[in-house]
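Protein chains in written order, with our numbering: chain A, 95 to 512; chain B, 95 to 512. For reference, the structure is listed below as structure tokens.
There are 2 protein chains.
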Amino acid sequence: MKSPFISINGGVCAPRGFLGAGVSAGIKHSGKRDLALLISEKLCQTAGTFTTNSAKAAPVLYCLKHVRRDLARGVIANSGNANAGTGARGLRDSELTAAMVAGTLAVHGYPGHRDQYLVCSTGRIGVFLPMSKIRRGIHAAAHALTRNDHAVTEAIMTTDTFPKRIAVEFRMGGKTVRIGGMAKGAGMIEPGMSATGRRPPLPLHATMLCFLTTDAAISPAMQQACLNEAIGQSFNRITVDGDMSTNDTVLFFANGLAENRPPRKGSSDLRAFQAALNHVTLELAKMMVRDGEGISRVVTLRVRGAATAADAELAIRAIGNSSLVKTSWCGGDPNWGRILDAIGYSGARLDPTRLDISYNGIPLVRKGLQISKNLSKVRQLVQKTHFSIECDLRLGKFETILYTTDLTEKYVELNKGE
Amino acid sequence: MKSPFISINGGVCAPRGFLGAGVSAGIKHSGKRDLALLISEKLCQTAGTFTTNSAKAAPVLYCLKHVRRDLARGVIANSGNANAGTGARGLRDSELTAAMVAGTLAVHGYPGHRDQYLVCSTGRIGVFLPMSKIRRGIHAAAHALTRNDHAVTEAIMTTDTFPKRIAVEFRMGGKTVRIGGMAKGAGMIEPGMSATGRRPPLPLHATMLCFLTTDAAISPAMQQACLNEAIGQSFNRITVDGDMSTNDTVLFFANGLAENRPPRKGSSDLRAFQAALNHVTLELAKMMVRDGEGISRVVTLRVRGAATAADAELAIRAIGNSSLVKTSWCGGDPNWGRILDAIGYSGARLDPTRLDISYNGIPLVRKGLQISKNLSKVRQLVQKTHFSIECDLRLGKFETILYTTDLTEKYVELNKGE
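So this is what it looks like as structure tokens:
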């Protein structure tokens, strides 16, 4: 099958009409860029997904109120401070941030209201935002707006070691349209997001932030539905450390500047749009895993043959978040007994005498017993930086996937400091 | 209130009629002691609690079959190999081990049947037991039986850095009776045991092994009920790394040699027995936490004010098992935001604007906001090796406790090797 899209250079500013800026406002002690501003020349229709954590940060509560309700000009995001655990003052600070952006951009030719700006934060929890620094930062950012997305992408990084961006182009409704994206991740990564911030039916568990842009015209309901599907197969399928953040947010801006005919339900145009969005989000999610804090290995886990979808989810999350499984990967040790152990305590139905486990397709466990002749091949394999593990419970037809990492001394070192 | 018991020297051999031996059978490559034999001169009535992991090790399946059904002479336990993930052959090996002990001890003046011996294993999963080494070890152990519990206690250690033993003495039914105990822990520690090995109503998550002995006479039903209560407030209330083992086992042997009048339901004698057993198991559980793999801090967590018992449990397990909370403790950082985050994703009901958090009784968070004037005091406090944290959700009347540890570079180092 011919891919319905092609990859192009750039990220969030690849679609028509988007501008970005990233400046150093002095929120981070390091002096690195810490304030990102992303706007659209034309007002956007916006979709979003948000952490299901009950201790939602102030900017998440702010976005939940304004996303989908109002047309948006763009988003302001700071790194270095999560504005979480900051109560009513935190919420006022998010509102004030949006108001400052609206006021500043009005004099730069973008008249508009506070509610047209969404707000995101990432960084330490429990500290109030330094509002005077943010005010100065917003002025600097408004002057720095550009079609180059380099600075805006850098400004949301925290412990990320590389900026994460991607863009694709495809035909839809008679026109060429584009989708672009940027993201940050690294630690506190096991997103479990929903469009309402309410818990999805399955028990899921970063701060991860992701901004997506498109110049496509698409109905608001379809935009949100496509985003939900895309997030369900990307960010909600990764874990670094099993800690779901108070701040996880994905925002998706569509400004319609491509002037395509909006796709209809069930159309090949909609399928092309979904395929492109799935690709953009999955690639960003995989970059996030690859850049997990201190990690040395990336593991693609598959659980098949579960009795129920909930069982598949319980089993795969237990494996992907087990300290003992993750440290064994760090050591390049195919210690499948720890995988068996994790499935055993996950709560998923398990018959140990049926379990098959294979590594990159090489069977190591069949019906619960080790195939010793394959041990040395698998041992070499788990020394690599990327490998996959498949566990077949052989109890039913449900399956799932999770992109995860090892647990290293460096992760502990990075996170024990303040 | 006067304590109903006094502490005495020793461990499992402190009660009348118990003998122990610990030898090196060559199962561990290090040549350290790895085979423990504990027997009673008089046949014992036995109670037990077992891991609720669905991938139960062969010796756990063996014990579940024989405990409570048969009078027992004692237990044989090996370290260095878990005999888990070993299928039908593993089960036959456990049976064979018991048969070898019965055969060997018969010639040492303890005639009896295979079913009179319980079997435990701890170590790597997925490797068959070296039965010829075990046979030779059993012969050596039978010759080494002694009233000194030093060797038997050492022989069940894996990554433990010190042997764990305790004994108490108290009056009951007109006689002086004793309870002794020994345990091993260190890694794969978040026991969730029940008398049947079936899952308890609350979702709980080492290999930990614990053997308890008493010379008291007590009815079998009361012995098991007292053990269930003791385990519920001790081993099932600790976590090192959140990984519930395939092998967790507590066995409690009562030989009646004290010749006391058995306690009656609701009697002060029964309360004295329970108090003594609670003390023995809680002290052993705390030693296990203090000796957690690579740990540098021990934290006593309390959650109060939860809306339900299940919520209290979800919240406290999320905090006690969060990689980010545990690494912040390692760094001596009172990063309460990570605690807020963990409660938030735990699934427990939470109103962040009501949450109070205190450290050793010093309030640091009130109604979800930091009391900044106490920050430096708390910062000094979390540099210590032991401290307590109390989270009050202020939503209801349910509370619980969990003894836990930090997560260190050394933990990763210890567990990444084979």
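C-beta atoms are modelled at their ideal positions from N, C-alpha and C, and glycine is treated no differently.
Item, Value
"Chain A contact for G104 (chain B) (CB, 9 Å cutoff)", "no"
"Runs of beta strand (DSSP E) lying entirely within the region 96-184 of chain A, each at least 3 residues, in chain order", "100-102, 112-117, 129-145, 166-175"
"Simplified DSSP assignment, three categories, for H207 (chain B)", "coil"
"G125 (chain A) classed as buried or exposed, judged by whether at least 16 other C-beta atoms fall within 10 angstroms", "exposed"
"Cβ of G168 (chain A) within 9 Å of any chain B Cβ", "no"
"Partners in chain E for C424 (chain A), counting only beta-carbon separations shorter than 7 Å", "Protein chains in the displayed structure are A and B, and chain E is not among them."
"Contact list for the region 449-483 of chain A against chain B, Cβ threshold 7 Å", "G462, L463, Q464"
"Burial state of P314 (chain A), where buried means 16 or more other Cβ atoms lie within 10 Å", "exposed"
"Rounded Cβ spacing between S440 (chain B) and L501 (chain B) (contact assumed at less than 8 Å)", "Not a contact, Cβ separation roughly 18 Å."
"Closer than 9 Å to chain A by CB, Y156 (chain B)", "no"
"Neighbouring residues, chain A, relative to R391 (chain B) (Cβ below 9 Å)", "In chain order: nothing, as chain A lies at least about 11 Å away."
"Three-way DSSP call (helix, strand, coil) for T240 (chain A) in this model", "strand"
"Per DSSP, the bridge partner or partners of F264 (chain B)", "B:V271"
"Interface residues of chain B facing M382 (chain A) [CB-CB closer than 8 Å]", "Result: empty, since nearest Cβ-Cβ is about 16 Å, beyond 8 Å."
"Cβ-Cβ separation, L113 (chain B) to R241 (chain B) (assumed contact under 8 Å), whole Å", "6 Å"
"Short CB-CB distance (under 9 Å) between G179 (chain A) and chain B", "yes"
"Option in A:V383, A:R365, A:D337 with minimal Cα separation from S328 (chain A)", "A:V383"
"Cβ-based contacts, 9 Å cut-off: residues of the region 491-503 of chain B near chain A", "D500, L501, T502, E503"
"Nearest residue (CA-CA) to L129 (chain A), options A:G105, A:C138, A:R230, A:A193", "A:R230"
"Within 9 Å, strictly: CB atoms of Y497 (chain A) and V392 (chain A)", "yes"
"Contact between the region 135-153 of chain B and the region 249-260 of chain B (3+ Cβ pairs under 8 Å)", "no"
"Limits of the unbroken beta strand (DSSP E) element including P515 (chain A)", "Given that chain A is displayed from residue 95 to residue 512, the structure contains no residue 515 (chain A) and the question cannot be resolved."
"Cβ-Cβ separation, C157 (chain B) to L239 (chain B) (assumed contact under 8 Å), whole Å", "Contact doesn't hold; Cβ gap of about 21 Å is too wide."
"Cross-chain neighbours of I437 (chain A) in chain B, by beta carbon under 7 Å", "A149"
"Own chain, CB closer than 7 Å to D363 (chain A), minus 5 neighbours either side, in chain order", "M266, G267, P357"
"Reduced DSSP secondary structure (H/G/I, E/B, other) of K227 (chain A)", "helix"
"Alpha-carbon to alpha-carbon, T340 (chain B) and G275 (chain A)", "44 Å"
"L434 (chain A): contacting residues in chain B (beta-carbon distance under 8 Å)", "A149, A178, G179, I219, G220, T340"
"Assumed close pair I325 (chain B), V344 (chain B) - CB separation to whole angstroms, cut-off 8 Å", "6 Å"
"G179 (chain B) to D445 (chain A) span [Cα, whole Å]", "11 Å"
"Rounded straight-line distance, which links the Cα of I170 (chain A) to that of C107 (chain A)", "15 Å"
"CA-to-CA distance, R443 (chain A) to Q318 (chain B), given in whole angstroms", "28 Å"
"Exposed unless 16 or more other CB atoms sit within 10 angstroms - verdict on S522 (chain B)", "With chain B covering 95 to 512 only, the question about residue 522 (chain B) has no answer from this structure."
"9 Å Cβ cut-off: residues of chain B touching T447 (chain A)", "G181, A182"
"For L508 (chain A) and H123 (chain A), the rounded distance between their alpha carbons", "16 Å"
"Cutoff 8 Å; reference R460 (chain B); Cβ partners in own chain excluding five residues on either side", "D450"
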